[in-house]
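Following the numbering used here, the numbering of the sequence shown begins with 2 at its first residue and continues without gaps.
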Amino acid sequence: MCHRPVQPLLEAALADQPLSASDGYALLAAPAQALPEICAAARRLRERCKGRTVTYSRKVFIPLTTLCRDSCGYCTFAKPPGGPAARTLNPDEVLAIARAGEKAGCKEALFSLGERPELRHELAREQLRSLGHATMLEYLRAMCVLVLCETTLIPHVNPGALTGHEISALRPVSPSMGMMLESVSERLTERGEPHYGCPDKTPDVRLKTLRAAGELCVPVTSGILVGIGEMRAERVDALLALRQLHADYAHIQEVIVQNFRAKPGTRMAGCREPDVDEMLRTLAVARLLLGGEMNLQVPPNLTPREYGRYLCAGINDWGGVSPVTPDHINPEAAWPKISELKAVSAREGYTLRERLSVYPRYLRKPERWMHAAFGQTLPTRVDASGLVREAETIT
Ligand code: SF4
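Structure below.
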């Protein structure tokens, strides 16, 4: 196979010239011996813009409902109605989790939930009726209000695909939101593929949600999944779709590059997981495509023992880490202790700092990026760099 030389591409990226799709394909397909120089360029670009700081958000994870109308081939979070795990938390349970997080020094309340379960499951409709709500999104909003009224935590909602109207309704109670793009491959929605029969996972629906969030000036966390059956070129296409959205609206506050984990009991239980080298390659190319200013995250718990290596590929964030709750999406993968994260980062030459769920650049222009109530309070909770004051960080 004939490979394009990577050196001119790396020089272009370091000169802040936007790389094209074909540049990205070439970098992602480069021979293994080119990986160290690709990573070195990604790391250089990152350090030029982000210095030697790596961030995380201290959070609690609130799994509002495990019911979902989709059934992704890799998911263990969504539970079929009928079993005891198919649950929607009641307000007392939500508050108990939030209060435990507040006591442990968390700042973020991450709400994760299945997509529009009431459209598919009678059980979800029943649960919502008993809670006094018609839709899960309406209930989510009420639970954000509860957490805001009763604790100091800042909601960050991950409810999946949304309309502009729904984003507008959530904006006053959640100053940032998250939704993984995952992939732009239509192929993955075909029979036998992981997103078959998942109406909320078609690329068009995901992209529309991200575009609507941009139009409404909502800082959004998004990202891609690596290893769910996409081709390498499709990874590049997804990263470039995020780059274009950010160029249009400046609202993509971070891009997560998340490795697929094969889980027993799922349709993809027997599929191969991406190895660390494949992740390093993808992370470095993501950095080179997205530029030095983008925040690039990888979840440390999905590569236990070896996640420190990702710092060599240009990442600058570890995402949300909880000292209180498990990662309900990947319950088998315990989060590292924050003291461990700090030590691993230091070993690679980086200083760990805590951030809020809203990234510093958005806190600097609150009148544009958040509802007035957050605009008054959130900037007072950080130092001049936009990060949590070191004196208020517990490690
Ligand atoms: S990954 Fe999300 S959308 Fe897919 S089944 Fe699980 S909870 Fe539902």
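Don't be surprised by glycine CBs; every beta carbon is placed ideally from N, CA and C.
The secondary-structure analysis by DSSP pairs Ala110 across a beta bridge with Val61, Pro156. By the Cβ neighbour-count rule, Ser386 is exposed, with fewer than 16 other Cβ atoms within 10 Å of its own.
Taking the Cβ of Asp238 as the reference point, every heavy atom of the ligand SF4 lies at 7 Å or farther away.
Ile63 and Ala16 have their alpha carbons spaced roughly 42 Å apart. Tyr311 is positioned such that its CB atom lies no closer than 8 Å to that of Leu291.
Excluding sequence positions up to five before and after Ser58, its CB lies within less than 6 Å of the CB of Glu109, Gly321, Arg356, Ser358, all in the same chain and listed in chain order. Within the DSSP bridge table, the entry for Val256 names Ser223, Leu297 as partners. About 6 Å separates the Cβ atoms of Val219 and Arg172, confirming a contact at the 8 Å cut-off. Of Leu29, Thr67, Lys366, the smallest CA-CA separation from Gln128 is found for Thr67. In the DSSP annotation of this structure, the continuous segment of the beta strand (DSSP E) that includes Arg354 starts and ends at 352-355. Judged by DSSP in its simplified three-state form, Glu183 adopts strand.
With distances taken between CA atoms, Asp93 lies nearest to Ala143 out of Ala143, Cys76, Phe78.
Burial check for Glu123: the Cβ neighbour count within 10 Å stays below 16, so the residue is exposed. Per DSSP, the continuous beta strand (DSSP E) segment holding Gly321 begins and ends at 318-322. The region 101-116 and the region 316-332 touch, with three or more beta-carbon pairs separated by less than 8 Å. The shortest CA-to-CA distance from Ser223 to any of Pro305, Ala162, Lys51, Glu349 is the one to Ala162.
Cβ-Cβ distances below 6 Å link Pro324 to Ala105 in the same chain, with the five nearest sequence neighbours on each side left out; the list follows chain order.
Shortest Cα-Cα distance from Pro156 to any of Cys272, Gly179, Trp336 involves Gly179.
Sixteen is the threshold: when 16 or more other Cβ atoms of the shown chains lie within 10 Å of the Cβ of Ile316, as they do, the residue is buried. The bridge partners DSSP lists for Thr203 come to none.
Restricting attention to Leu96, Cys107, Val158, the CA atom closest to the CA of Val148 is found in Leu96.
Between the C-alpha atoms of Thr54 and Arg121 there is a straight-line separation of about 44 Å.
Here Gln298 is buried, its C-beta having at least 16 other C-beta atoms within 10 Å.
Rounded to the nearest angstrom, the gap between the Cα atoms of Leu342 and Arg268 is 32 Å. Partner residues in the beta bridge of Met178, as assigned by DSSP, are Val158, Val221. Shown here for Cys272: same chain residues with a beta carbon closer than 6 Å to its own, the five before and five after excluded, namely Ala263 in chain order. Within the DSSP bridge table, the entry for Thr89 names Thr66 as partners. For the pair Leu303 and Leu36, the CB atoms are not nearer than the 8 Å cut-off. The criterion of a C-beta distance shorter than 8 Å is satisfied by Ala99 and Leu154. If you draw a straight line from the Cα of Ala248 to the Cα of Leu241, it comes to about 10 Å. Not one heavy atom of the ligand SF4 sits closer than 7 Å to the Cβ of Phe375. DSSP places Ala27 inside the alpha helix (DSSP H), whose first and last residues are 22-29.
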